[in-house]
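Q:
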Amino acid sequence: MFPEQLNVPLGKWVNQFVDWLVINYGAAFEAFADSLLTVLVALEQVLRGAPWWVVLITIAVITWHASKNWKLVIGLVVAMFAIGMLGLWDKAMQTLALMIVATSLSVLIGIPVGIAMAMSNRLRAVMLPILDTMQTMPSFVYLIPALMLFGLGKVPAILATVIYAAPPVMRLTDLGIRLVDQEVLEASRSFGASRKQILFGVQLPLALPNIMAGINQTTMMSISMVVIASMIGARGLGEQVLMGIQRLDVGAGMEAGIAIVLLAVVFDRIGQAYGKRSQRSPNAEDA
Amino acid sequence: MSYIEIRNIFKIFGPDPKSALELAKGGADKDEILAKTGHTVGLHDVSLSIEQGETFVVMGLSGSGKSTLIRHLNRLIDPTAGSISFGGEDILAMDIPALNAFRRQRLGMVFQRFGLLPHRNVMDNVAYGLEIQGTARKDREAAASKWIARVGLAGYETKFPDQLSGGMQQRVGLARALATDPEVLLMDEAFSALDPLIRSDMQDELMKLQAELHKTIVFITHDLDEALKIGDRIAILKDGKLVQVGRPEEIVLKPADDYVQAFTRDVNRSKVLRAQSIMTPSRSEAKPLDNVSFTVDVDTRLEAILPQLITTGDRSIIAVIDRNECIVGHIHRNHILQALSN
Numbered sequence: 048m049f050p051e052q053l054n055v056p057l058g059k060w061v062n063q064f065v066d067w068l069v070i071n072y073g074a075a076f077e078a079f080a081d082s083l084l085t086v087l088v089a090l091e092q093v094l095r096g097a098p099w100w101v102v103l104i105t106i107a108v109i110t111w112h113a114s115k116n117w118k119l120v121i122g123l124v125v126a127m128f129a130i131g132m133l134g135l136w137d138k139a140m141q142t143l144a145l146m147i148v149a150t151s152l153s154v155l156i157g158i159p160v161g162i163a164m165a166m167s168n169r170l171r172a173v174m175l176p177i178l179d180t181m182q183t184m185p186s187f188v189y190l191i192p193a194l195m196l197f198g199l200g201k202v203p204a205i206l207a208t209v210i211y212a213a214p215p216v217m218r219l220t221d222l223g224i225r226l227v228d229q230e231v232l233e234a235s236r237s238f239g240a241s242r243k244q245i246l247f248g249v250q251l252p253l254a255l256p257n258i259m260a261g262i263n264q265t266t267m268m269s270i271s272m273v274v275i276a277s278m279i280g281a282r283g284l285g286e287q288v289l290m291g292i293q294r295l296d297v298g299a300g301m302e303a304g305i306a307i308v309l310l311a312v313v314f315d316r317i318g319q320a321y322g323k324r325s326q327r328s329p330n331a332e333d334a
Numbered sequence: 246m247s248y249i250e251i252r253n254i255f256k257i258f259g260p261d262p263k264s265a266l267e268l269a270k271g272g273a274d275k276d277e278i279l280a281k282t283g284h285t286v287g288l289h290d291v292s293l294s295i296e297q298g299e300t301f302v303v304m305g306l307s308g309s310g311k312s313t314l315i316r317h318l319n320r321l322i323d324p325t326a327g328s329i330s331f332g333g334e335d336i337l338a339m340d341i342p343a344l345n346a347f348r349r350q351r352l353g354m355v356f357q358r359f360g361l362l363p364h365r366n367v368m369d370n371v372a373y374g375l376e377i378q379g380t381a382r383k384d385r386e387a388a389a390s391k392w393i394a395r396v397g398l399a400g401y402e403t404k405f406p407d408q409l410s411g412g413m414q415q416r417v418g419l420a421r422a423l424a425t426d427p428e429v430l431l432m433d434e435a436f437s438a439l440d441p442l443i444r445s446d447m448q449d450e451l452m453k454l455q456a457e458l459h460k461t462i463v464f465i466t467h468d469l470d471e472a473l474k475i476g477d478r479i480a481i482l483k484d485g486k487l488v489q490v491g492r493p494e495e496i497v498l499k500p501a502d503d504y505v506q507a508f509t510r511d512v513n514r515s516k517v518l519r520a521q522s523i524m525t526p527s528r529s530e531a532k533p534l535d536n537v538s539f540t541v542d543v544d545t546r547l548e549a550i551l552p553q554l555i556t557t558g559d560r561s562i563i564a565v566i567d568r569n570e571c572i573v574g575h576i577h578r579n580h581i582l583q584a585l586s587n
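Heads up: the protein sequence lines correspond to chains R and U, in order.
Under the working numbering, the final residue of the first sequence carries the number 334; numbering is consecutive throughout.
Under the working numbering, the final residue of the second sequence carries the number 587; numbering is consecutive throughout.
1. Counting C-beta neighbours from all protein chains within 10 Å, is the total for R:THR85 16 or more, i.e. buried, or is it exposed?
2. Residues of the region 354 to 367 of chain U in Cβ contact with chain R at a cutoff of 8 Å, in chain order, please.
3. U:HIS467 and U:SER437 - do their beta-carbons sit closer together than 8 Å?
4. Note down, in chain order, each residue of its chain lying with its Cβ closer than 7 Å to the Cβ of R:MET48, except the 5 sequence neighbours on either side.
5. Would you verify that the beta carbon of R:ILE91 is, or is not, closer than 8 Å to some beta carbon of chain U?
6. With DSSP as the reference, identify every bridge partner of U:PRO526, one or two as the case may be.
7. Going by C-alpha distance, which of U:ILE377, U:LEU288, U:SER328, U:GLU299 is nearest U:ASP477?
8. Please indicate yes or no: does the CB of R:LYS138 lie closer than 7 Å to some heavy atom of the ligand ATP?
9. Name the one or two DSSP bridge partners that U:THR200 has.
10. Give me the Cα-Cα distance between U:ALA422 and R:TRP111, rounded to the nearest whole angstrom.
11. Could you spell out where the beta strand (DSSP E) holding U:PHE301 opens and where it closes?
12. What whole-angstrom Cβ distance do U:VAL517 and U:PRO500 have, given they're in contact under 8 Å?
13. Just checking: is the beta-carbon of R:ARG324 within a distance shorter than 8 Å of some beta-carbon in chain U?
14. Is there a Cβ of chain U sitting closer than 8 Å to that of R:SER186, yes or no?
15. Could you check the C-alpha separation between U:LEU551 and U:ASP511 for me, to the nearest Å?
16. Applying a beta-carbon distance threshold of less than 7 Å, which residues of chain U neighbour R:GLN244?
17. Suppose you measure from the CA of U:ARG385 to the CA of R:ASP315; what does that come to, to the nearest Å?
18. 8 Å is my cut-off, CB to CB: does R:ARG236 come that close to chain C?
19. Using a Cβ-Cβ cut-off of less than 9 Å, list which residues of the region 253 to 286 of chain R approach chain U; keep chain order.
20. Measuring only the C-alpha atoms, how far is R:VAL148 from R:VAL313?
21. Quick check: the Cα distance between R:PRO98 and R:LEU284, rounded to an integer number of angstroms?
22. For U:GLN506, which residues in the same chain have their Cβ closer than 8 Å to its Cβ, ignoring the five residues on either side in sequence?
23. Going by C-alpha to C-alpha distance, which of U:ARG568, U:SER515, U:ASN513, U:LEU337 sits closest to U:THR540?
24. Using a Cβ distance threshold of 8 Å, determine whether the region 249 to 263 of chain U contacts the region 287 to 304 of chain U, with at least three qualifying pairs required.
25. State buried or exposed for U:ILE315, treating a residue as buried only when at least 16 other CB atoms are found within 10 Å of its CB.
26. Does DSSP put U:THR466 in a helix, a strand or coil?
27. Does any C-beta atom of chain R lie closer than 8 Å to the C-beta of U:GLY374?
28. Taking U:VAL565 as the reference, give the member of U:ILE555, U:THR556, U:ARG578 with the closest Cα.
29. What are the uninterrupted segments assigned as alpha helix (DSSP H) that are 4 or more residues long and contained completely in the region 423 to 473 of chain U, given in chain order?
30. Candidates U:ILE465, U:VAL429, U:ASP440: which alpha carbon is nearest U:SER307's?
31. For R:SER153, does the count of other Cβ atoms within 10 angstroms reach 16, so buried, or fall short, so exposed?
32. Straight-line CA distance for R:ARG324 to R:LEU255?
33. Between U:ALA326 and chain R, is there a C-beta pair that is closer than 8 Å?
34. Could you name the residues of the same chain whose beta carbon sits closer than 6 Å to that of R:ALA75, not counting the 5 residues immediately before and after it, in chain order?
35. At 4 residues or longer, what runs of the alpha helix (DSSP H) sit wholly inside the region 181 to 240 of chain R?
36. Taking the straight line between their C-alpha atoms, what separation do you get for U:CYS571 and U:ILE562?
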């Protein structure tokens, strides 16, 4: 047995810290939660309120813009149509809203952090273990404090999703910028480009394929979080899976699972098409 | 004072360059410093004076420090010790905005692997320097078009770098460097990645451009033939130290040491030596020679004289004239044979 005298009451400290946060900054957290919720609810209303065929047309237009490939457009529209046929359209729209907000937030935070990591080796050395922790820590561990700070519902679900899904876009932004050809950078410096001109004119455009891959991974990971997020009260397809488990209703669980997979496929294909487009030179298009 | 003055530059790579600097200043060589401190000496007490309008070639093998040296001229690398000035202005004292302004207005650089921006077409690559300067789109595209045509790429404006051959890509690199009309052109092994025939073309092209533009060119190469062909003066670097600086003829005729001699052994001397460097200077009081077969200009290279020798007799003498058509010296057939056989 490990000697008990050596035990560190880390758990107690964390509890005290969270209590202290709730007591002193509860109002600030609530204000933040409210603004996030406003955005999410508005988006959810638009998606759920829109006729199903408008959503399908929107998906078709986005897919066409990304890929210029009719087969892919038809495939993805059929996938979305299938979700409707499973009777899960409304829930899918809820999940979609949650996912769009979580992914946008991840990208909004992730790209600047990734850029900062590429600029500073010290920051990178600090961030890498933090990103590892974010990705490997069981999500329930941070769902509990998130619940205490924000209450049950959509906001803690979004935050838990961001914690889990933001690391890939950070890592790949950092990697993409670091992989930019040194001679191209030197050329740009030798012409007297400022750091801002180098970042926006050379580093980010050349890192774009990697950044797009990061955004794609982040999207996929946020979809995979929806089931877990449903345990703290986020509605949507995850809720349906949870219900299937609780009632031992294999069929209902399977339906919801298939709908999640279809949604994931749609977003993966759109993301990949944008990623490919950022890789090829504009001339290949008119060729 | 020369246009570019490089004084006692040391560059030491490693975590604590200052400690190794004392050793280097004490005269320790590259291997010794590496063994004692783990630091790599890039440049060891290099001083050079480069004149305005000359093509100055720095030659050395890989690891000699030549690429490090050229990067000191636009401060892509800062020296551990020493001073660098352009037209009397100390560039090491410049802060970042001043340095960027200096790079934008006065320098252009051409890279070994071209360093073109792969996401921009030929037009936007050539206009890049002007874009950084903040020139309006219309003006920079006009200037870029001019230079694109000048390097022979008219019609390729909308192509992307990966659609061009190596030689064409380097023409874009050259046009990009010239588009800002810089005073100094830095060329880092600019033609080393090209096929021999294309390399030779590009060398000719550069010399033709230089004859009109009179830029100050600092050209880095590992190829002595290239150095001798395009250089007004040549500096030879070995292990970060300057071995010899001189005109091409001086390098070939009076190599400073065995290292330089080994390099010059395979050189085609008829392409390097000029009439002036092998002639016997005439004294003004000397009476005119009567058996002169033909006259040549002081700058004529031997390769141009040789064909004319075939038709003349053994005892023939060649008179050497300067730009004012005055005879300044003469060459015996035997002088030429001697110069070529050394």
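Here a beta-carbon is modelled for each residue, glycine too, at the ideal position from N, C-alpha and C.
A: In short:
1. exposed
2. MET354, PHE356, GLN357, ARG358, PHE359, GLY360, LEU361, LEU362, PRO363, HIS364, ASN366
3. yes
4. none
5. As written in the sequence, residue 91 of chain R is Glu, which differs from the Ile given in the question. Chain U, which has no Cβ nearer than 8 Å to the Cβ of R:GLU91, makes this no.
6. U:GLY574
7. U:GLU299
8. Only the bare structure without any ligand can be found here, which leaves the ligand ATP out of the picture.
9. Outside the displayed range of chain U (246 to 587) lies residue 200 of chain U, so it cannot be described from this structure.
10. 40 Å
11. 300 to 304
12. Not confirmed; about 12 Å, so no contact.
13. no
14. no
15. 19 Å
16. ILE377
17. 41 Å
18. Absent from the structure is chain C; the protein chains it does hold are R and U.
19. LEU253, LEU255
20. 17 Å
21. 19 Å
22. PRO500
23. U:ARG568
24. yes
25. buried
26. strand
27. yes
28. U:ARG578
29. 441 to 458
30. U:ILE465
31. buried
32. 10 Å
33. no
34. none
35. 186 to 197, 201 to 225, 229 to 237
36. 16 Å
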